[in-house]
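Q:
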Amino acid sequence: MPITIKDVKTILTQPGFSQLVIVKIITSEPGLYGLGCATFKQRYHAVHAAIEKHLKPFLIGRDVSRIEETWQMAMVNGYWRNGPVLNNAISGADQALWDIKGKMAGMPVYQLLGGKCREAAHVYVHADAPTVEGVLDNVRWRIEQGYRYLRVQLGIYGGVSGAFAKPDGAPDGAYYDPRAYMRH
0 MPITIKDVKT
10 ILTQPGFSQL
20 VIVKIITSEP
30 GLYGLGCATF
40 KQRYHAVHAA
50 IEKHLKPFLI
60 GRDVSRIEET
70 WQMAMVNGYW
80 RNGPVLNNAI
90 SGADQALWDI
100 KGKMAGMPVY
110 QLLGGKCREA
120 AHVYVHADAP
130 TVEGVLDNVR
140 WRIEQGYRYL
150 RVQLGIYGGV
160 SGAFAKPDGA
170 PDGAYYDPRA
180 YMRH
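For the record, in the sequence shown the residue sitting at position 174 is 173 according to numbering that gives the first Met the number 0, with numbers rising by one throughout.
Structure, rendered in structure tokens:
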């Protein structure tokens, strides 16, 4: 008898400054579950709703070993295609199913997918603040934490609605003009 999906839980958490959406798939095998990340920082409540209202009813009862079939059914079977919210929800469920498969096989998921291709990967972290001084403090703090690669940003993505500031002497352009920045 196949192991099936018994329940799907959504965990909303916020370590540091990131709103994370975690998908937990609980199986019919006692104690066997998988975790996946469905984070879409700007729309985490929408992802939570997509999981609870759309994916959960679709997933319950499905065979956990049929990952590709489940992905195809969720991603491309419908008349209307998905957008970023549902894509993130599906991605989290897909990762959770691979986590289950790895646990069942007694090996890490990367081994199931062909093994390591490198020993480590470079990562970057954001260093942003509403003022130049704040950005510089954030950069120093991130370097002290050991980060080598930073994404430095003054303000927030696209600027704050109705409020727009740029440093003295900054050139005009799409980056500094929130209307131009948000047109994409």
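Positions of the beta carbon are idealized from the N, C-alpha and C atoms, including for glycine.
Where DSSP assigns a beta bridge to T26, which residues make up the other side?
A: Numbered from its first residue, the sequence shown carries residue 26 at position 27. Per DSSP, I4.
Q: Report back the beta-carbon spacing between G91 and V20 to the nearest angstrom; my notes put them in contact at under 8 Å.
A: The residue you call residue 91 lines up with position 92 of the sequence shown. The residue you call residue 20 lines up with position 21 of the sequence shown. Taking 8 Å as the upper bound for CB-CB distance, G91 and V20 are in contact here, some 7 Å apart.
Q: Just curious, the alpha helix (DSSP H) that A95 is in, first and last residue?
A: What you label residue 95 is simply residue 96 of the sequence shown in a count that begins at 1. It spans P83 to A104 - the alpha helix (DSSP H) in which A95 sits, taken as one unbroken run.
Q: Please state whether DSSP places Y146 in a helix, a strand or coil.
A: Along the sequence shown, read from residue 1 onward, the residue named residue 146 stands at position 147. Residue state, collapsed to three classes: coil.
Q: Restricting to runs no shorter than 3 residues, where is the beta strand (DSSP E) found entirely within the stretch 27-52?
A: 32-36
Q: From what residue to what residue does the alpha helix (DSSP H) around V63 run?
A: Locating residue 63 in the sequence shown gives position 64, where the first residue counts as 1. Counting along the chain, V63 falls outside any alpha helix (DSSP H), and DSSP gives it neither H nor E.
Q: Looking only at its own chain, which residues have a Cβ that is under 6 Å from the Cβ of V7, when we skip the five neighbours before and after it?
A: Here residue 7 refers to the residue found at position 8 of the sequence shown. When the five nearest sequence neighbours on each side are left out, the beta carbons in the same chain lying within less than 6 Å of the beta carbon of V7 are those of I24, K55 and L58, in order along the chain.
Q: Would the stretch 78-89 and the stretch 112-120 be scored as touching if the rule is three or more Cβ pairs under 8 Å?
A: no
Q: From what residue to what residue does the alpha helix (DSSP H) around V108 run?
A: As a first step, residue 108 must be located in the sequence shown, where it is residue number 109. Segment V108 to L111, the alpha helix (DSSP H) holding V108.
Q: Report the partner residues of Q152 according to the DSSP bridge assignment.
A: Position 153 of the sequence shown holds residue 152. Q152 is bridged to D127.
Q: In whole angstroms, what separates the C-alpha of I142 from that of Y109?
A: Stepping through the sequence shown from its first residue, residue 142 is reached at position 143. Stepping through the sequence shown from its first residue, residue 109 is reached at position 110. Each residue's alpha carbon lies about 30 Å from the other.
Q: Nearest-angstrom Cα distance between M181 and W97?
A: As a working mapping, residue 181 is identified with position 182 in the sequence shown. As a working mapping, residue 97 is identified with position 98 in the sequence shown. Residue placement at M181 cannot be trusted, given a pLDDT of 49 that sits under 50; what the coordinates show is reported in the next sentence. Looking at the two C-alpha atoms, the distance is approximately 36 Å.
Q: Are the CB atoms of V22 and G35 within a distance shorter than 8 Å?
A: For the purposes of this step, residue 35 is taken as the residue at position 36 of the sequence shown. For the purposes of this step, residue 22 is taken as the residue at position 23 of the sequence shown. Cβ atoms of G35 and V22: closer than 8 Å.
Q: Between the alpha carbons of I66 and A88, how many angstroms are there, rounded?
A: Taking the sequence shown and counting its residues from 1, one reaches residue 66 at position 67. Taking the sequence shown and counting its residues from 1, one reaches residue 88 at position 89. For I66 and A88, the distance between alpha carbons rounds to 15 Å.
Q: For G114 and K102, I'd like the C-alpha separation in whole angstroms.
A: Reading the sequence shown from its first residue, position 115 is the one you call residue 114. Reading the sequence shown from its first residue, position 103 is the one you call residue 102. Spanning the two alpha carbons is a distance of roughly 16 Å.
Q: Let me check one thing: in DSSP terms, what residues is L19 bridge-paired to?
A: As a working note, residue 19 is residue 20 in the sequence shown. Its beta-bridge partners are T12.
Q: To which residues of the same chain is A126 closer than 6 Å at the C-beta, ignoring the five residues directly before and after it?
A: Looking up residue 126 in the sequence shown gives position 127. Counting only Cβ-Cβ distances below 6 Å, and skipping sequence neighbours, we find N137, V138, R141, L149 and V151.
Q: Hey, how far is the Cα of I2 from the Cα of M72?
A: Here the question's residue 2 lines up with position 3 in the sequence shown. Here the question's residue 72 lines up with position 73 in the sequence shown. Those two C-alpha atoms are separated by around 19 Å.
Q: With I4 and G60 assumed to form a contact (beta carbons below 8 Å), what rounded beta-carbon distance in angstroms separates them?
A: As a first step, residue 4 must be located in the sequence shown, where it is residue number 5. As a first step, residue 60 must be located in the sequence shown, where it is residue number 61. About 6 Å separates the CB atoms of I4 and G60; that is less than 8 Å, so the two are in contact.
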